[in-house]
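S.K.: Position one of the sequence shown corresponds to residue 1 (my numbering), numbered consecutively onward.
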Amino acid sequence: MFSLHKTLGGVHPPQCKDTRDCPCTWIEPPKQVRIPLNMHIGAPCTPCVEEGAHVYVGTKIGDGEGLCAPIHASISGTVTSVATEKLPTGATAPVVTIASDGKMENDPALTVPTYSGKDEFIACVRDSGVVGLGGASFPTWFKMRAPEGKKFDFVVINAMECEPYITSDYRQMIEHAERVIDGVVRVARALEIPAAVIGVEDNKPEAVDALNRAIADKGVGDIVEVLMVPTKYPAGGEKVLIEATTGRAVPAGGLPIDAGCLVLNVTTVSRVEEYFRYGVPLVRRTITLAGDCVKNPGNYRVPLGMIVRDVIEATGGLEKQPKKIIMGGPMMGRTVTDIDCPILKANNAILCLDKDAVLPEESPCIRCGRCVRVCPLGLMPYALDAASRRHDAVELDELAVMNCMECGSCAFTCPAHRRITASIREGKAAYRGEVARLTQPAKEA
């Protein structure tokens with residue numbers, strides 16, 4: 001049904017997948033969590049609990065309108081604070097702090113959801129609070145709504161996990177292949193999508209075998225297929241994966257729906273299925289804790305809002321002081337300077353690094369063109385870098401800056417060690433600001 005298609009660019013960073021054989025394990029629940037209410041793309045939730053309230057695991061603590069996903073308590077206990085705070089990302093949002101009662105009791109009001117049609121199914125997915133767990137954190141229910149006049153032809157499951165170090169998605173496929181396949185089939189049938197493909201890098205043959213066994217056991221080979229994709233970063237980028245698995249191209253400035261595709265991360269779809277089985281919303285996630293400073297690297301199930309410092313200490317601590325701590329992978333993750341920040345829905349890894357953590361100094365661009373050759377979207381990163389540093393909105397528009405997915409391939413391959421990705425990220429912010437300024441209605445005199 002599906003066949004491989006060639007894609008542009010890409011690089012081959014060291015894999016460093018040393019935790020691939022580490023099963024997902026629980027850690028001791030913390031004494032306190034701090035849960036920001038902006039754990040998704042879109043406006044922050046409005047708190048729906050007050051200081052002093054008792055909450056259970058799964059109690060809704062925040063919700064909102066429009067592009068939003070509800071947020072739930074990850075431990076049982078007492079709300080000790082509801083306050084607007086500035087987060088390490090620079091954003092400002094309400095934060096709900098909960099002191100644990102040590103019981104980890106589920107909310108008695110939780111029930112297994114039921115649905116009888118597409119709209120009810122999407123409403124249930126919204127209630128689950130699930131967002132893109134590959135790092136994008138886009139509300140999953142919102143993705144599932146096809147705009148008027150468009151339809152989904154394929155469900156594309158992103159099981160590539162091409163970032164170095166991270167193995168949490170891999171463990172999901174190894175340990176819960178049956179749930180992954182049930183989730184894919186449920187989504188396809190509920191949304192009336194005729195076919196689904198799971199893209200897995202060819203360096204994960206054990207995961208492919210586990211998924212194929214589950215497909216055969218359930219007899220759903222007519223709906224879902226596993227496709228092995230050559231190992232190359234960033235083969236897990238949404239637009240890259242769509243082209244590799246379906247041969248369709250997402251138009252410049254377009255979305256996956258413009259190619260008839262619904263793209264979901266493999267852990268996202270597994271978590272959706274878990275919600276329909278047990279009725280517990282998204283209150284925890286599995287992260288990979290890795291790096292040469294970590295005493296016990298592995299894959300750990302962590303309550304949302306648990307402080308990074310507490311996660312590290314609960315798993316055995318550090319062997320030495322890291323020079324850099326990254327939330328996410330080394331290619332697209334973000335360096336954190338304050339480890340008293342909380343685990344969010346989008347966090348799939350904590351990397352504590354010493355070796356090769358400090359990058360060499362930048363030098364002038366030599367126009368070698370390597371960044372152009374490796375760009376998976378056919379952009380000109382060196383030119384975007386220069387325009388971004390000048391905050392030249394006109395040139396950024398001409399160079400299609402908003403098409404950049406910030407994968408980091410350009411910076412990885414640059415012999416001058418230019419901070420191209422960081423520069424483009426700043427250029428995007430400047431471009432958005434200029435567009436917003438120009439489109440604001442004129443003030444009346």
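Each residue gets a CB set at the ideal place from its N, CA and C atoms; glycine is no exception.
(1) With 16 other CB atoms within 10 Å as the buried threshold, where does G254 fall?
(2) In the DSSP assignment, the alpha helix (DSSP H) including Y278 goes from what residue to what residue?
(3) With DSSP as the reference, identify every bridge partner of E201, one or two as the case may be.
(4) When DSSP labels each residue in this structure, what does I312 get in the three-state scheme?
(5) Mind checking whether G10 and H72 have CB atoms under 7 Å apart?
(6) According to the Cβ coordinates, are T231 and D202 closer than 7 Å?
(7) In or out: D385 buried (at least 16 other Cβ within 10 Å) or exposed?
(8) For L8, count neighbouring Cβ atoms within 10 angstroms of its own Cβ and tell me buried if that reaches 16, exposed if not.
(9) Among C24, E175, P297 and A357, which residue has its Cα nearest to the Cα of I326?
(10) Per DSSP, which one or two residues make a beta bridge with C261?
(11) Just to check my reading of the structure: I287 and V302 have Cβ atoms closer than 8 Å, yes? What is that Cβ distance to the nearest angstrom?
(12) Do I98 and G77 have their C-beta atoms within less than 7 Å of each other?
(13) Is the Cβ-Cβ distance between I166 and N348 less than 7 Å?
(14) If we ignore side chains and look at the alpha-carbon of each, how far apart do D397 and K295 end up?
(15) Should G185 be labelled buried (16 or more other beta-carbon atoms within 10 Å of its own) or exposed?
(16) Mapping the DSSP letters down to three states, classify G298 as helix, strand or coil.
(17) Output yes or no for whether 7 Å exceeds the beta carbon distance between S137 and K345.
(18) Give me whichever residues DSSP pairs with G77 in a beta bridge.
(19) List the whole-angstrom C-beta distance separating L399 from A387, where the pair is believed to meet the contact cut-off of C-beta under 8 Å.
(20) Mind checking which residues open and close the alpha helix (DSSP H) that includes L396?
(21) Since K6 sits in a beta bridge, which residues does DSSP pair it with?
(22) Please report the distance separating the alpha-carbon of G58 from that of Y115.
(23) Go to C124, then tell me how far its alpha helix (DSSP H) extends in each direction, as first and last residue.
(24) Below 8 Å, how does it come out for the stretch 368 to 377 and the stretch 403 to 417: are there three or more Cβ pairs, yes or no?
(25) Using a Cβ-Cβ cutoff of less than 8 Å, which residues in the same chain neighbour A188 once the five nearest sequence positions on both sides are dropped?
(26) How about Y431 and V394: are their beta carbons less than 7 Å apart?
(27) Looking at G64 and C48, is the spacing between their C-beta atoms short of 7 Å?
(28) Give the DSSP-derived three-state secondary structure of R334 in the structure shown.
M.R.: Considering the structure as presented:
(1) Translated into positions along the sequence shown, residue 254 becomes position 254. The residue is exposed, with fewer than 16 neighbouring Cβ atoms inside 10 Å.
(2) Within the sequence shown, numbered from 1, the residue matching residue 278 stands at position 278. Following the DSSP letters along the chain, one finds Y278 inside the alpha helix (DSSP H) bounded by residues V266 to Y278.
(3) Here residue 201 refers to the residue found at position 201 of the sequence shown. Bridge partners of E201: V229.
(4) Locating residue 312 in the sequence shown gives position 312, counting from the first residue. The answer is helix: DSSP assigns I312 an H, G or I state.
(5) Translated into positions along the sequence shown, residue 10 becomes position 10. Translated into positions along the sequence shown, residue 72 becomes position 72. Cβ atoms of G10 and H72: not closer than 7 Å.
(6) Counted from its first residue, the sequence shown places residue 231 at position 231. Counted from its first residue, the sequence shown places residue 202 at position 202. Taking 7 Å as the Cβ cut-off, T231 and D202 qualify as a contacting pair.
(7) Numbered from 1 along the sequence shown, position 385 holds the residue referred to as residue 385. Burial call: buried.
(8) On the sequence shown, position 8 is the one that residue 8 refers to. For L8, the number of other beta carbons within 10 angstroms of its own is below 16, and it is reported as exposed.
(9) The count along the sequence shown starts at 1 and reaches residue 326 at position 326. Ranking the options by Cα distance to I326, first place goes to A357.
(10) Residue 261 sits at position 261 when you count from the first residue of the sequence shown. Residue pairing by DSSP places C261 opposite F154 in a beta bridge.
(11) Against the sequence shown, residue 287 aligns to sequence position 287. Against the sequence shown, residue 302 aligns to sequence position 302. Indeed, because the Cβ distance is near 6 Å, the residues count as touching under 8 Å.
(12) Taking the sequence shown and counting its residues from 1, one reaches residue 98 at position 98. Taking the sequence shown and counting its residues from 1, one reaches residue 77 at position 77. Yes, they are a contact pair.
(13) Along the sequence shown, one-based indexing puts residue 166 at 166. Along the sequence shown, one-based indexing puts residue 348 at 348. In contact: I166 and N348 (Cβ atoms closer than 7 Å).
(14) Position 397 of the sequence shown, counted from the start, is the residue given in the question as residue 397. Position 295 of the sequence shown, counted from the start, is the residue given in the question as residue 295. About 46 Å.
(15) Counting from one through the sequence shown, the residue named residue 185 turns up at place 185. A quick correction: the sequence has Val, not Gly, at residue 185. So V185 ends up on the buried side.
(16) Looking up residue 298 in the sequence shown gives position 298. The answer is strand: DSSP assigns G298 an E or B state.
(17) Here the question's residue 137 lines up with position 137 in the sequence shown. Here the question's residue 345 lines up with position 345 in the sequence shown. Yes. Within cutoff.
(18) Numbered from 1 along the sequence shown, position 77 holds the residue referred to as residue 77. As computed with DSSP, G77 is found in a beta bridge with V55 and S100.
(19) Residue mapping note: residue 399 aligns to position 399 of the sequence shown, counting from 1. Residue mapping note: residue 387 aligns to position 387 of the sequence shown, counting from 1. Right, their Cβ atoms sit about 6 Å apart.
(20) In the sequence shown, the residue the question calls residue 396 occupies position 396. Residues A393 to E398.
(21) For the purposes of this step, residue 6 is taken as residue 6 along the sequence shown, with counting starting at 1. Answer is none; K6 lacks a bridge partner.
(22) Here residue 58 is taken as the residue at index 58 of the sequence shown, counted from 1. Here residue 115 is taken as the residue at index 115 of the sequence shown, counted from 1. Their Cα atoms are separated by approximately 20 Å.
(23) Reading the sequence shown from its first residue, position 124 is the one you call residue 124. For C124, the enclosing alpha helix (DSSP H) stretches over residues K118 to S128.
(24) Judged by Cβ distances under 8 Å, the stretch 368 to 377 makes contact with the stretch 403 to 417, as three or more pairs qualify.
(25) Position 188 of the sequence shown holds residue 188. Excluding positions up to five away in sequence, the list reads V155, P194, A195, A196, I223 and V224.
(26) Position 431 of the sequence shown, counted from the start, is the residue given in the question as residue 431. Position 394 of the sequence shown, counted from the start, is the residue given in the question as residue 394. Against a cut-off of 7 Å, the Cβ pair of V394 and Y431 comes out as no contact.
(27) Here residue 48 refers to the residue found at position 48 when the sequence shown is read from its first residue. Here residue 64 refers to the residue found at position 64 when the sequence shown is read from its first residue. The answer is no: Cβ separation not under 7 Å.
(28) Here residue 334 is taken as the residue at index 334 of the sequence shown, counted from 1. The answer is strand: DSSP assigns R334 an E or B state.
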